[in-house]
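Asker:
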């Protein structure tokens, strides 16, 4: 049986419907910042169609699992659903009037590579636009596409916040597009009144985006250049400042080293602790299954840099959670 | 523009 994430969809729906009690991030400091926002005229949530979780990994007749109550719609947002059922629904798309599909991937394994390829083929044949943003807040389709219209009208996708700045102070931060979970409203609210001269990247954006909290995966993904969806989501929010602080978003992963070679950009210091903790968990999980492991094998089996892995191993040893015997790591 | 959301719910 496969289980499917049910929480992210709840957050997206809560954000879209802008329920009064939906966001609780600011606690007692809530100023109902979301009350000035709402759905655009001409937009409508035609329906929420639910599939059960868990479901068998392999369905013999996926078509029998297509819910009978799918309403007519222009855009389908498929959040963490069984990929075989999704493919069946895409095949039936013309009967719903479907023009575009968004399949957000907050975690890389929400859909397999083969299902993604099949979905592309089905949609291409039917003339339907499809996107697999990973994570959802990296979703920025061309403005003149159906998907672009969807992002603009429903205000979800890669964050877009209009800042009004006077004397380097942000006097207003209006959200045009929010992360689908709604985090951007919270970030924008706390940007108002702050000075561009302060470290608002860390003190406002990272802080509030993180504590909202962002639920994108912390799994490193080769498709993201070895970054995690969580990191990409953070960068998308830092991009809010890019018209004002052009150095903020630097997407080039390679930098020139003092030795004249191109090397991976170093990880920002504030991420180190999080990465070390992630590496510690990975090491403990590995030892859970195999008792002991050589340093060489460990390096091959977990996707962390040698420096992060070494820090994790030192910390684990210091805490008495592992034992090292030469180059072999084991449980005490 | 009409949007439909497909999601999973714990059964």
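Protein chains in written order, with my numbering: chain A, 53 to 384; chain B, 57 to 67. Idealized CB from N, CA, C, for every residue including glycine.
Please list the partners that residue 127 (chain A) has in chain B, where partner means a Cβ-to-Cβ separation under 9 angstroms.
Answerer: Within the first chain, the letter at position 75 stands for residue 127 (chain A). Per Cβ cutoff of 9 angstroms: 57, 58, 59, 60.
Asker: When you compare each of A:163, A:242, A:177, A:182 to residue 81 (chain A) by their alpha carbons, which one comes out closest?
Answerer: By 1-based counting over the first chain, the position of residue 81 (chain A) is 29. Selected option, being the one with the closest Cα: A:242.
Asker: List the endpoints of the continuous beta strand (DSSP E) containing residue 226 (chain A).
Answerer: The residue given as residue 226 (chain A) occupies position 174 in the first chain. 221 to 229 is the extent of the beta strand (DSSP E) around residue 226 (chain A).
Asker: Residue 459 (chain A) touches chain B at which residues, Cβ-Cβ below 8 angstroms?
Answerer: Because chain A is modelled from 53 through 384, residue 459 (chain A) falls outside the range shown and cannot be assessed.
Asker: Of all the CB atoms in chain B, is at least one closer than 8 angstroms to the CB of residue 232 (chain A)?
Answerer: For the purposes of this step, residue 232 (chain A) is identified with residue 180 of the first chain, where counting begins at 1. With 8 angstroms as the cut-off, residue 232 (chain A) does not count as an interface residue toward chain B.
Asker: With a threshold of 8 angstroms between beta carbons, is residue 123 (chain A) in contact with chain B?
Answerer: Taking the first chain and counting its residues from 1, one reaches residue 123 (chain A) at position 71. Yes, residue 123 (chain A) counts as interfacial toward chain B.
Asker: Distance cutoff 8 angstroms, beta carbons only. Does residue 105 (chain A) sit that close to anything in chain B?
Answerer: The residue you call residue 105 (chain A) lines up with position 53 of the first chain. Closer than 8 angstroms to some Cβ of chain B, the Cβ of residue 105 (chain A) qualifies, so yes.
Asker: Starting from the Cα of residue 228 (chain A), find the closest Cα among A:368, A:92, A:79, A:379 and give me that residue.
Answerer: Along the first chain, read from residue 1 onward, the residue named residue 228 (chain A) stands at position 176. The shortest Cα separation from residue 228 (chain A) among A:368, A:92, A:79, A:379 belongs to A:92.
Asker: Got a sec: which bits of the segment 161 to 178 of chain A sit with their beta carbon under 7 angstroms from any beta carbon on chain C, in order along the chain?
Answerer: No chain C appears in this structure, whose protein chains are A and B.
Asker: In the DSSP assignment, what are the bridge partners of residue 376 (chain A)?
Answerer: For the purposes of this step, residue 376 (chain A) is identified with residue 324 of the first chain, where counting begins at 1. According to DSSP, residue 376 (chain A) bridges with A:381.
Asker: Less than 8 angstroms between CB atoms is the rule here; does residue 100 (chain A) satisfy it with respect to chain B?
Answerer: Residue 100 (chain A) sits at position 48 when you count from the first residue of the first chain. Yes - at least one Cβ of chain B is within 8 angstroms of the one on residue 100 (chain A).
Asker: Rounded to whole angstroms, what's the CA-CA distance from residue 202 (chain A) to residue 99 (chain A)? Just pull it up for me.
Answerer: In the first chain, the residue the question calls residue 202 (chain A) occupies position 150. In the first chain, the residue the question calls residue 99 (chain A) occupies position 47. Answer to the nearest angstrom: the Cα atoms are 16 angstroms apart.
Asker: Identify which residue in A:354, A:119, A:246 has its Cα closest to the Cα of residue 219 (chain A).
Answerer: Locating residue 219 (chain A) in the first chain gives position 167, counting from the first residue. Measuring from the Cα of residue 219 (chain A), the nearest candidate turns out to be A:246.
Asker: Whose Cβ in chain B lies nearer than 7 angstroms to the Cβ of residue 374 (chain A)?
Answerer: To locate residue 374 (chain A), count along the first chain from 1; it is residue 322. What residue 374 (chain A) touches in chain B: nothing, since even the nearest Cβ is about 36 angstroms away.
Asker: Can you tell me whether DSSP reads residue 104 (chain A) as helix, strand or coil?
Answerer: Here residue 104 (chain A) refers to the residue found at position 52 when the first chain is read from its first residue. Residue 104 (chain A) falls in the strand class under three-state DSSP.
Asker: Could you tell me the alpha carbon to alpha carbon distance between residue 302 (chain A) and residue 291 (chain A), rounded to whole angstroms?
Answerer: Start at 1 with the first residue of the first chain, and residue 302 (chain A) comes out as number 250. Start at 1 with the first residue of the first chain, and residue 291 (chain A) comes out as number 239. A caution first: residue 302 (chain A) carries a pLDDT of 47, below 50, which makes its placement in the model unreliable, though a value can still be read off. If you take the alpha carbons of residue 302 (chain A) and residue 291 (chain A), they lie about 9 angstroms apart.
Asker: What three-state label does DSSP hand residue 346 (chain A) in the structure shown?
Answerer: Position 294 of the first chain, counting from 1, holds the residue named residue 346 (chain A). Residue state, collapsed to three classes: strand.
Asker: Tell me whether residue 332 (chain A) sits in a helix, a strand or coil according to DSSP, three-state version.
Answerer: Counting from one through the first chain, the residue named residue 332 (chain A) turns up at place 280. Correct three-state label for residue 332 (chain A): helix.
Asker: Anyone know if the C-beta pair for residue 119 (chain A) and residue 101 (chain A) falls short of 8 angstroms?
Answerer: Here the question's residue 119 (chain A) lines up with position 67 in the first chain. Here the question's residue 101 (chain A) lines up with position 49 in the first chain. Yes, they are a contact pair.
Asker: Name the chain B residues that come within less than 8 angstroms of residue 96 (chain A), Cβ to Cβ?
Answerer: Your numbering for residue 96 (chain A) matches position 44 in the first chain. 57, 58, 59, listed in chain order.
Asker: Buried or exposed: residue 333 (chain A), going by 16 or more other Cβ atoms within 10 Å of its Cβ?
Answerer: Translated into the one-based positions of the first chain, residue 333 (chain A) becomes position 281. Result: exposed.
Asker: Determine which residues of the segment 204 to 217 of chain A have a Cβ less than 9 angstroms from any Cβ of chain B, and write them out in chain order.
Answerer: Within the segment 204 to 217 of chain A, the residues whose Cβ lies closer than 9 angstroms to some Cβ of chain B are 205, 206, listed in chain order.
Asker: When the Cα atoms are used, what is the spatial distance from residue 139 (chain A) to residue 170 (chain A)?
Answerer: In the first chain, the residue the question calls residue 139 (chain A) occupies position 87. In the first chain, the residue the question calls residue 170 (chain A) occupies position 118. So the two alpha carbons sit approximately 8 angstroms from each other.
Asker: What's the gap between the Cα of residue 300 (chain A) and the Cα of residue 193 (chain A)?
Answerer: Taking the first chain and counting its residues from 1, one reaches residue 300 (chain A) at position 248. Taking the first chain and counting its residues from 1, one reaches residue 193 (chain A) at position 141. Low per-residue confidence applies at residue 300 (chain A): pLDDT is 43, beneath 50, and the placement is therefore not dependable enough to give any value.
Asker: Please report how far the alpha carbon of residue 117 (chain A) lies from the alpha carbon of residue 109 (chain A), in whole angstroms.
Answerer: As a working note, residue 117 (chain A) is residue 65 in the first chain. As a working note, residue 109 (chain A) is residue 57 in the first chain. Residue 117 (chain A) and residue 109 (chain A): Cα-Cα distance of roughly 13 angstroms.
Asker: Within the continuous alpha helix (DSSP H) that includes residue 181 (chain A), where are the two ends?
Answerer: In the first chain, counting from the first residue as 1, residue 181 (chain A) sits at position 129. Careful: residue 181 (chain A) lies outside any alpha helix (DSSP H), inside the beta strand (DSSP E) at 181 to 183.
Asker: At which residues does the beta strand (DSSP E) containing residue 215 (chain A) begin and terminate?
Answerer: Locating residue 215 (chain A) in the first chain gives position 163, where the first residue counts as 1. Segment 212 to 218, the beta strand (DSSP E) holding residue 215 (chain A).
Asker: So, is the C-beta of residue 195 (chain A) closer than 8 angstroms to a C-beta in chain B?
Answerer: Looking up residue 195 (chain A) in the first chain gives position 143. No, residue 195 (chain A) lies away from the interface with chain B (no Cβ there is under 8 angstroms from its Cβ).
Asker: With a threshold of 16 other CB atoms inside 10 Å of the CB of residue 196 (chain A), please say whether the residue is buried or exposed.
Answerer: Stepping through the first chain from its first residue, residue 196 (chain A) is reached at position 144. Flag for residue 196 (chain A) reads exposed.
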